[in-house]
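Reminder that position 220 of the sequence shown reads as 220 in UniProt numbering, one-by-one numbering, no gaps. Taking it in order: structure first as structure tokens, then the write-up.
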Amino acid sequence: MIDLNGKTILVTGGTGSFGKRFVRRVLSKFRPEKLIVFSRDEFKQYEMQRMMDDPCLRFFIGDVRDKDRLYRAFEGVEYLIHAAALKQVPSAEYNPFEAIKTNIIGAQNIIDVAIDIGIKRIVALSTDKACNPVNLYGATKLCSDKLFIAGNSYAGRKITRFGVVRYGNVVGSRGSVVPHFLQLKKGDSVPVTDERMTRFWITLDQGVDFVLKALDQMQGGEIFIPKIPTATIVDIAKAIAPKCKIKIIGVRPGEKLHELLISIEDGRRTLEYPEHFVIQPDFPWWSDEKRKNGGEHVRDGFVYSSDQNPWRLTTGEIEKMVRELQNG
């Protein structure tokens, strides 16, 4: 794992589910010189300051849409995690220009300022919805991913390098179905869009650890994808609220029955490792030996899809994930 002792780190969207867990994780493992939380909501920053009293923490109010503010916030930063985004699928469908301003223009602002300032490494968080997207949120994240990958070419001989981490649904994050299911009582109806629907699942701690792993291993331009399990929405509902009734409400606009983390087109550039995959950039600039670093090319026609994933969560594994969420 990368050594962040004595370093200056910034996380955009730092008061969100991932940001808060990332900050806790870094503080538990390292003693950074500064750990900067960058976000728009002053009240969430106030709450976070009360929960986490550490002398290395800094809180910056700002928006990734505001390039001038990014120049001030990024001064002296060595490592950056970009977690800020508009992430709700229905909201992005109804407010498309707002999603574009944050998820695409905001990404471009971060790339420009990071190169100018000389930040060493940037990891941007992505989503399975960016793989062959069918909704606007996924399309904006696909565009963002391509911008960050291309940012390595724009950086040229400068020190700045960009990488992307792509994973599925995060157990317990804001917007996740899990907290909603946990609030249901005996006899309540559990709204399920389609009993066939499958999703990839990962915990917040696993997501944070994987981002730190990518930050350590990246050369620049890769998309890192963890090997994670799949479960149907019905499996999740039955494990969390076994005494509730399942109510099928139909697939909502912008939703897929199954999600992809690696498409058949991505597979042509994908290396497999024991615990993860790496989609290589179209134009890598490092040697093949350094690029592979122990990885093997996936087979022809490989697809990493939630419905074809051999790793399925059992009821016991789902219950364990929920207990870990509740214990916090």
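Note that beta-carbon positions come from the ideal geometry of N, C-alpha and C, so glycine has one too. Keep in mind that this is a model prediction, so the values were computed, not measured.
Check, Outcome
"C-alpha distance - K245 paired with L257, whole-angstrom precision", "21 angstroms"
"Counterpart residues of K247 in DSSP-defined beta bridges", "P191"
"Straight-line Cα distance separating I117 from E75", "7 angstroms"
"F210 beta carbon less than 8 angstroms from that of V278", "no"
"Contiguous beta strand (DSSP E) assignments of at least 3 residues, all confined to the segment 112–164", "121–125"
"Rounded separation between G301 and Y71 - CA only", "44 angstroms"
"Start and end residues, beta strand (DSSP E) containing L35", "K34 to S39"
"Opposing strand residues paired with R269 [DSSP bridges]", "Answer by DSSP bridge pairing: none, since R269 is not bridged."
"From R58, E222, I100 and P55, residue whose alpha carbon lies closest to that of R65", "I100"
"Own chain, CB closer than 6 angstroms to A239, minus 5 neighbours either side, in chain order", "T315, I318 and E319"
"Complete beta strand (DSSP E) runs within the segment 190–234 (minimum length 3 residues, chain order)", "198–202, 223–226 and 230–232"
"P242 CB to nearest heavy atom of the ligand FAD below 7 angstroms", "What this structure holds is no ligand at all, so the ligand FAD is not there to describe."
"Rounded separation between A107 and A214 - CA only", "19 angstroms"
"First through last residue of the beta strand (DSSP E) which encompasses R58", "L57 to I61"
"Own chain partners of K120 with C-beta closer than 8 angstroms, once the 5 adjacent residues on each side are dropped", "E78, Y79, I159, T160 and R161"
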